[in-house]
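Residue 31 in this note's numbering sits at position 14 of the sequence shown, with consecutive numbering throughout. Cβ atoms here follow ideal geometry from the backbone N, Cα and C, with glycine treated the same way.
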Amino acid sequence: LIISIVIITVFFVINAVFLQPFRKVFPSNITTPTQVLYAVFSLLLFKEMLLYPLKINIIRQSVFWYNSGVLFYSTSLFLIFGLGNYIGEHKLSPNFISFLAYFWYFILYVFHILIGVSLLTNNKEITTTDA
């Protein structure tokens, strides 16, 4: 985890200065590997949840819903970036661009709904020593 943070940070600085300068280009070179890491870490957490299950039903665990949201968002972003780059190179019709925008909104809504469910299912009790 720490190694990936250092690598992404160094790559971010190199990308921002030399490859895709700020204010000119969207930093897709750094966003794509970051989304890959989110997906990998999310899958690793799911693997850990399967190997060491809690006595609480998985549907009632807030970490399950949060992790599902992160996995859905990070994997869907690949499709959005791929289609966005394809549209940029081939200059497709405005109808396809609006379809992509609506698809992006759908992804955001589902992501936020999953995060909301995660917050609603959080069953951690706060004691006076935690505050």
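Contact set for residue i: own chain, Cβ-Cβ below 8 Å, skip 5 residues either direction
{"i": "Val34", "result": "none"}
Residue nearest to residue i in terms of C-alpha spacing, selected from the options
{"i": "Ile97", "options": "Asn32, Ala118 and Glu106", "result": "Ala118"}
{"i": "Phe149", "options": "Asn32, Arg77 and His129", "result": "Residue 149 is absent from the structure shown; the chain starts at 18 and stops at 148."}
{"i": "Trp8", "options": "Leu94, Leu136, Leu36 and Gly99", "result": "Here the chain has residues from 18 to 148 only, and residue 8 is not among them."}
{"i": "Phe95", "options": "Phe120, Lys64, Gln78 and Ser79", "result": "Phe120"}
{"i": "Thr138", "options": "Pro50, Leu61, Asn32 and Ile75", "result": "Ile75"}
{"i": "Ser115", "options": "Leu60, Leu68, Gly101 and Phe28", "result": "Gly101"}
Collapsed DSSP secondary structure at residue i in the structure displayed
{"i": "Ile1", "result": "This structure leaves residue 1 out entirely; the chain is present only between 18 and 148."}
{"i": "Gln37", "result": "coil"}
{"i": "Thr49", "result": "helix"}
Sequence-distant residues of its chain with Cβ nearer than 7 Å to residue i (five each side left out)
{"i": "Ser55", "result": "The sequence shown places Tyr at residue 55, not Ser. Taken in chain order, the residues that qualify are Val87 and Ser91."}
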